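*Asks:* One structure follows; several queries about it will come next.
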DNA sequence: GAATCTAAATTTAGAGTCTATATAAATCAA
DNA sequence: TTGATTTATATAGACTCTAAATTTAGATTC
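Chains as they are written, first to last, in our numbering: chain F, 31 to 426; chain V, 31 to 426.
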């Protein structure tokens with residue numbers, strides 16, 4: 031079975047410290063008595079553990095409180111030290127990268143981004159990510175030693191151990207370029223994960239799916255993928271491909287902006303362009319998905335027909351996932367999320383014709399931070415599980 | 031967070047006892063030295079824990095061994111007491127029920143079954159199950175006090191807590207009739223689970239999917255459903271409906287015997303019947319799926335066409351599940367498993383046209399015990415997680 | 001201002017667990 | 001019988017928890 035070492039008395043302290051830290055990290059300032067009630071530990075243990083956690087840097091102690099109960103010895107007041115360290119949430123997309131720097135409670139302290147051409151090489155992309163990371167750290171005035179982990183979202187299948195499982199030159203270069211560089215240069219644990227999975231993590235943590243443990247997030251933007259969560263756990267499948275629907279006939283031209291643009295070209299974009307308002311007609315460059323959405327909103331019949339078709343296809347995808355997975359909620363996120371909002375009524379109507387028990391459907395409100403927020407959560411998960419192994423104290 | 035009690039020193043013993051019991055239950059007779067190597071515990075702890083486990087009834091001690099090393103003090107020899115208790119695995123199908131009685135290693139010690147009409151009421155069905163259970167116990171000569179848990183597979187969505195989530199009269203009656211009766215009459219924990227999920231558990235444990243943790247089992251018999259396993263864990267979805275595909279258009283007439291028979295009737299069963307060999311033509315009653323399989327095997331073109339169509343539809347279902355879930359293996363089980371074996375080459379060929387990365391596909395070799403075996407595993411899982419809470423010793 | 005009250009912090013004693021080390025036991029070999 | 005060898009058992013020490021006694025720091029009362 032498992033080759034783990036034996037359970038010795040120090041394990042008890044670890045377990046209890048972990049529990050206490052969990053309580054503190056999800057609440058505010060707590061007194062000893064409050065911690066006794068929350069954890070079930072005795073007073074002696076609570077104080078011993080808190081002293082340990084203070085020595086480790088995970089907890090800070092405030093001046094004794096004289097708030098409510100004006101009688102008796104003042105209580106010691108403990109608080110999770112959310113500035114004991116920071117994590118990075120990095121979204122590497124096809125045309126831009128977004129970097130979030132967050133404290134240990136997950137509050138964003140800095141944000142940076144870089145845009146680039148989709149044709150940009152892996153090496154250049156790595157540089158852009160690096161620049162954005164440096165900017166975020168610099169803006170927040172945080173040294174790289176304070177960063178405890180970096181979560182990175184990529185548009186490729188990733189297994190449970192964080193390995194990219196697409197065997198092509200681009201991703202191999204990207205992996206060695208970014209992952210090992212961040213690790214060797216800064217000493218950070220770099221945690222890769224599929225971007226749609228991170229989107230699910232993000233929605234579950236701070237999005238529309240708070241409190242919903244069985245969840246599908248459709249990530250529709252430059253590409254189309256989904257993140258699947260069952261009982262609060264992300265699914266990966268055998269090769270990290272769970273939720274990746276690149277080969278599914280059903281999703282051709284659904285959700286991803288390239289597909290939408292292609293369909294528009296096929297179905298007579300002339301009509302769309304003609305009916306689009308001046309500001310859109312003036313745009314240089316080729317037909318884009320944004321143009322189609324805008325034209326439809328402006329009343330263009332062809333564009334509306336395209337979106338109608340897309341809504342039906344999307345409903346079909348949701349119906350399939352809903353039947354196979356039985357999620358409580360499906361969240362549509364990514365670049366098309368805001369545009370998809372107007373399609374929701376039709377999607378829901380179509381959905382009802384495909385299945386008798388459709389899941390609830392909504393659009394994301396996390397905007398373009400959806401993957402980054404999930405990446406932050408992913409990094410925090412790592413930090414939390416390794417918290418008591420890390421020694422934060424020796425910082426001058 | 032969790033309202034669990036504090037970690038106290040006895041927890042260490044629990045953890046180490048659990049680890050040691052896990053090693054013993056998956057191996058044979060072990061010496062103290064062997065357990066030291068396997069668990070990482072010290073000799074003193076190993077013996078203390080073993081003494082505890084012997085007192086609790088989980089472990090038996092044999093006479094000191096004088097086998098291999100003929101030198102030194104003879105070692106104490108410990109073995110998992112697989113007859114310390116028993117579990118039931120109960121499959122309640124549409125037309126029959128199968129009951130397996132197994133020891134704590136999962137070895138079947140008795141088997142019993144009952145057939146009935148699909149129209150049989152919930153109350154009568156409960157009686158049949160009860161009779162089969164009584165027969166199994168009687169044959170093995172085991173009292174109901176020795177049964178530690180009963181796993182029950184039902185053809186309905188079941189949530190993670192074992193609640194049937196179909197709100198109709200039949201299942202309500204069935205639930206109160208069987209579950210509460212087994213509990214109140216015998217005092218057994220009754221653990222309901224979806225039959226397809228149990229099939230997945232069974233294949234993962236003792237079937238074609240040993241060692242494969244990302245898995246889909248198609249259960250095709252009286253009905254068509256699937257059990258989904260990701261990283262060794264069963265998926266349930268928000269309402270126990272994960273893998274239940276009753277509303278999926280794609281699966282209409284795929285796999286379930288009623289559907290096959292219906293298609294056969296529609297496509298001109300006269301031809302089938304005419305070409306069927308005498309022994310089949312002599313069969314009384316209506317067209318059945320078995321008849322179609324037999325006729326196809328005999329060379330009947332219409333029947334072969336029907337099966338060809340079924341194979342393609344099955345491939346499409348597998349392709350969809352394979353793309354969405356990315357399992358390493360898809361196992362086809364249930365009543366049609368043996369017949370499906372001959373369709374495998376075509377299914378695999380079709381599959382390759384639907385997806386570039388198809389999962390491996392095979393048929394079950396567990397036969398009609400597929401759900402029962404999974405039910406045994408389900409019950410054993412319960413017993414193993416609650417092992418150290420159970421006191422087996424006081425048995426006169 | 002001193003005594004009293006109160007709730008919390010701290011200290012102390014006791015029990016359970018582990019490891020490490022010392023001692024005893026059981027068998028084979030000489 | 002004695003010695004070597006391996007295992008079992010016993011003892012001492014460390015770490016952890018709980019429970020109960022003691023101390024502490026401020027508010028209240030006289």
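Ideal Cβ positions, reconstructed from N, Cα and C, are used throughout, including at glycine. Please read all numbers here as calculations on a predicted model, not as lab measurements.
Report yes or no: is there a C-beta of chain F within less than 8 Å of the C-beta of residue 37(V)?
*Replies:* Here residue 37(V) refers to the residue found at position 7 when the second chain is read from its first residue. Residue 37(V) counts as touching chain F.
*Asks:* Are there 16 or more other CB atoms within 10 angstroms of the CB of residue 419(V), so buried, or fewer, so exposed?
*Replies:* Here the question's residue 419(V) lines up with position 389 in the second chain. Exposed.
*Asks:* Between the Cα of residue 181(F) and the Cα atoms of 132(F), 343(F), 36(F), which residue gives the shortest distance?
*Replies:* Counted from its first residue, the first chain places residue 181(F) at position 151. Out of 132(F), 343(F), 36(F), 132(F) has the C-alpha closest to the C-alpha of residue 181(F).
*Asks:* Using a Cβ-Cβ cut-off of less than 9 Å, give me the residues of the segment 59 to 80 of chain F that come near chain V, in sequence order.
*Replies:* 68, 69, 70, 71, 72, 75
*Asks:* Check whether the Cβ atoms of residue 170(F) and residue 139(F) sit closer than 8 Å, and answer yes or no.
*Replies:* What you label residue 170(F) is simply residue 140 of the first chain in a count that begins at 1. What you label residue 139(F) is simply residue 109 of the first chain in a count that begins at 1. For residue 170(F) and residue 139(F), yes; Cβs fall inside 8 Å.
*Asks:* Grab the span of the alpha helix (DSSP H) containing residue 210(V) for me, first residue to last.
*Replies:* Locating residue 210(V) in the second chain gives position 180, counting from the first residue. First-last of the alpha helix (DSSP H) with residue 210(V): 210 to 216.
*Asks:* If we count the other Cβ atoms within 10 Å of its Cβ and call it buried at 16 or more, is residue 101(F) buried or exposed?
*Replies:* Numbered from its first residue, the first chain carries residue 101(F) at position 71. Looking at its Cβ environment, which holds fewer than 16 other Cβ atoms inside 10 Å, residue 101(F) is exposed.
*Asks:* State buried or exposed for residue 148(F), treating a residue as buried only when at least 16 other CB atoms are found within 10 Å of its CB.
*Replies:* Within the first chain, residue 148(F) is the residue found at index 118, counting from 1. Exposed.
*Asks:* To the nearest angstrom, report how far apart residue 474(F) and residue 46(V) are at their CA atoms.
*Replies:* Since the displayed chain F opens at 31 and closes at 426, residue 474(F) lies outside it and no answer follows.
*Asks:* Residue 392(V) CB to nearest chain F CB: under 8 Å?
*Replies:* Translated into the one-based positions of the second chain, residue 392(V) becomes position 362. With 8 Å as the cut-off, residue 392(V) does not count as an interface residue toward chain F.
*Asks:* Residue 136(F) versus chain V: which residues are under 8 Å apart at the beta carbon?
*Replies:* Walking along the first chain from the start, residue 136(F) turns up at place 106. Those within 8 Å of residue 136(F) in chain V number zero; the least Cβ separation is about 16 Å.
*Asks:* Please go through the same chain and pick out, in chain order, the residues whose beta-carbon is closer than 6 Å to the beta-carbon of residue 190(V), but skip the five residues on each side of it.
*Replies:* Looking up residue 190(V) in the second chain gives position 160. For residue 190(V), where only same-chain residues beyond five positions count, the Cβ hits under 6 Å are 266.
*Asks:* Just the chain V side, please: which residues come within less than 8 Å of residue 45(F) by C-beta, in chain order?
*Replies:* Within the first chain, residue 45(F) is the residue found at index 15, counting from 1. The contacting residues are 37, 41.
*Asks:* Along the chain, where does the alpha helix (DSSP H) that runs through residue 86(V) open and close?
*Replies:* Locating residue 86(V) in the second chain gives position 56, counting from the first residue. Its alpha helix (DSSP H) spans residues 73 to 86.
*Asks:* Taking 8 Å as the threshold (C-beta atoms), are residue 359(F) and residue 245(F) in contact?
*Replies:* The residue labelled residue 245(F) in the question sits at position 215 within the first chain. The residue labelled residue 359(F) in the question sits at position 329 within the first chain. Going by C-beta atoms, residue 245(F) is nearer than 8 Å to residue 359(F).
*Asks:* Got a sec? Which residues, its chain only, sit under 6 Å from residue 201(F) by beta carbon, not counting five neighbours each side?
*Replies:* Walking along the first chain from the start, residue 201(F) turns up at place 171. So the qualifying residues of the chain are 186, 194.
*Asks:* Considering only the beta carbon of each residue, do residue 399(V) and residue 252(V) sit closer than 8 Å?
*Replies:* Taking the second chain and counting its residues from 1, one reaches residue 399(V) at position 369. Taking the second chain and counting its residues from 1, one reaches residue 252(V) at position 222. The answer is no: Cβ separation not under 8 Å.
*Asks:* Which first and last residues belong to the alpha helix (DSSP H) in which residue 227(V) is found?
*Replies:* Counting from one through the second chain, the residue named residue 227(V) turns up at place 197. For residue 227(V), the enclosing alpha helix (DSSP H) begins and ends at 225 to 236.
*Asks:* Would the beta-carbon of residue 257(F) fall within 8 Å of that of residue 273(F)?
*Replies:* Mapped onto the first chain, residue 257(F) falls at position 227. Mapped onto the first chain, residue 273(F) falls at position 243. Closer than 8 Å, so yes.
*Asks:* To the nearest angstrom, how far is it from the Cα of residue 228(F) to the Cα of residue 126(F)?
*Replies:* As a working mapping, residue 228(F) is identified with position 198 in the first chain. As a working mapping, residue 126(F) is identified with position 96 in the first chain. Cα to Cα, residue 228(F) sits roughly 17 Å from residue 126(F).
*Asks:* Assign residue 35(F) to one of two classes, buried (16 or more other C-beta atoms within 10 Å of its C-beta) or exposed (fewer than that).
*Replies:* The sequence position of residue 35(F) within the first chain is 5, counting from 1. Residue 35(F) comes out exposed.
*Asks:* Within 10 angstroms of its Cβ, does residue 238(F) collect 16 or more other Cβ (buried), or is it exposed?
*Replies:* Taking the first chain and counting its residues from 1, the one referred to as residue 238(F) is at position 208. It is buried - the Cβ of residue 238(F) has at least 16 other Cβ atoms within 10 Å.
*Asks:* Determine, for residue 90(V), whether the minimum Cβ-Cβ distance to residues of chain F falls below 8 Å.
*Replies:* Mapped onto the second chain, residue 90(V) falls at position 60. So no, residue 90(V) is outside the interface.
*Asks:* For residue 44(F), which residues from the same chain have a beta carbon less than 6 Å from its beta carbon, with the 5 sequence-adjacent residues on both sides left out?
*Replies:* In the first chain, counting from the first residue as 1, residue 44(F) sits at position 14. Excluding sequence neighbours, residue 44(F) sits near 418.
*Asks:* Of all the options 154(F), 103(F), 110(F), which has the alpha carbon lying nearest to the alpha carbon of residue 86(F)?
*Replies:* Residue numbering aside, residue 86(F) sits at position 56 when the first chain is read from its first letter. Nearest C-alpha to residue 86(F): 110(F).
*Asks:* To the nearest angstrom, report how far apart residue 50(F) and residue 65(F) are at their CA atoms.
*Replies:* Position 20 of the first chain holds residue 50(F). Position 35 of the first chain holds residue 65(F). Roughly 7 Å separates the two Cα atoms.
*Asks:* Give the straight-line distance between the Cα atoms of residue 59(V) and residue 205(F), rounded to the nearest whole angstrom.
*Replies:* By 1-based counting over the second chain, the position of residue 59(V) is 29. By 1-based counting over the first chain, the position of residue 205(F) is 175. Their Cα atoms are separated by approximately 47 Å.
*Asks:* Taking the CB atoms as reference points, tell me whether residue 223(V) and residue 192(V) lie closer together than 8 Å.
*Replies:* Within the second chain, the letter at position 193 stands for residue 223(V). Within the second chain, the letter at position 162 stands for residue 192(V). In this structure, residue 192(V) lies closer than 8 Å to residue 223(V) by Cβ.
*Asks:* Which residues share a DSSP beta bridge with residue 113(V)?
*Replies:* The residue you call residue 113(V) lines up with position 83 of the second chain. None; residue 113(V) has no bridge partner.
*Asks:* Against chain V, with Cβ distances strictly below 8 Å, would residue 356(F) count as a contact?
*Replies:* Translated into positions along the first chain, residue 356(F) becomes position 326. Taking Cβ atoms only, chain V reaches closer than 8 Å to residue 356(F), which makes this a yes.
*Asks:* Between residue 261(V) and chain F, is any beta-carbon pair separated by less than 8 Å?
*Replies:* On the second chain, residue 261(V) is found 231 positions in, with the first residue counted as 1. It does: the Cβ of residue 261(V) has a partner Cβ on chain F nearer than 8 Å.
*Asks:* Can you grab the Cα-Cα spacing for the pair residue 240(F) / residue 391(F), in whole Å?
*Replies:* Position 210 of the first chain, counting from 1, holds the residue named residue 240(F). Position 361 of the first chain, counting from 1, holds the residue named residue 391(F). So the two alpha carbons sit approximately 14 Å from each other.
*Asks:* Around the C-beta of residue 154(F), are 16 or more other C-beta atoms found within 10 angstroms, so that it is buried, or is it exposed?
*Replies:* For the purposes of this step, residue 154(F) is taken as the residue at position 124 of the first chain. By the 10 Å Cβ count, residue 154(F) comes out exposed.
*Asks:* Which value, in whole angstroms, describes the spacing of the CA atoms of residue 383(V) and residue 243(F)?
*Replies:* Position 353 of the second chain, counted from the start, is the residue given in the question as residue 383(V). Position 213 of the first chain, counted from the start, is the residue given in the question as residue 243(F). So the alpha carbons of these two residues sit roughly 35 Å apart.
*Asks:* With a Cβ-Cβ cutoff of 8 Å, do residue 231(F) and residue 264(F) count as a contact?
*Replies:* Mapped onto the first chain, residue 231(F) falls at position 201. Mapped onto the first chain, residue 264(F) falls at position 234. Closer than 8 Å, so yes.
*Asks:* Would you kindly check if the distance between the Cβ of residue 381(V) and the Cβ of residue 348(V) is under 8 Å?
*Replies:* Position 318 of the second chain, counted from the first residue, corresponds to residue 348(V). Position 351 of the second chain, counted from the first residue, corresponds to residue 381(V). In this structure, residue 381(V) lies closer than 8 Å to residue 348(V) by Cβ.
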